[in-house]
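Okay, so the sequence shown: first residue is 6 according to my numbering, each after it adds one. No residue lacks a Cβ here, since even glycine has one placed at the ideal position from N, Cα and C. For reference, the structure discussed in these notes is given below.
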Amino acid sequence: MNKTIDTKVSAEMNLKGGLKDADSAKFRNEFVNALDTGAQMLCGEVNSKNAFGAYTGFKRFIASPNPEAPNMIEGEEMMGMKIDAKTFAKAYDFACRHPVQRF
């Protein structure tokens, strides 16, 4: 496999690990992005079921292939803290501005 495919597979797995119902995750508009450091991130949109079994709607996300790194989903908590829309937008713009491969 090439590096972008590895990034996609690993980052999706890591993102699913933080969802209420990992098996329900649906992805769209995904792309692997290259950071200035050379590291890669997966960006896109995810829809999954909440604790009540209902789909929450597609939300943008930033996911790392590194299982130790935090992932962000628009409007969701990250490590117990709610991330406001402005902060998420800045993070998404920074982490997702150099697509190298779209899926």
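query: K31 - DSSP class collapsed to helix/strand/coil; result: strand
query: Within the segment 47-100, ranges of the alpha helix (DSSP H) (whole runs, at least 4 residues); result: 90-100
query: Three-pair Cβ contact test at 8 angstroms for the segment 67-82 versus the segment 40-59; result: yes
query: Straight-line gap, K87 to I78 (C-alpha atoms, nearest Å); result: 10 angstroms
query: Proximal residues to M18 (C-beta, below 6 angstroms), its chain only, five neighbours per side dropped; result: none
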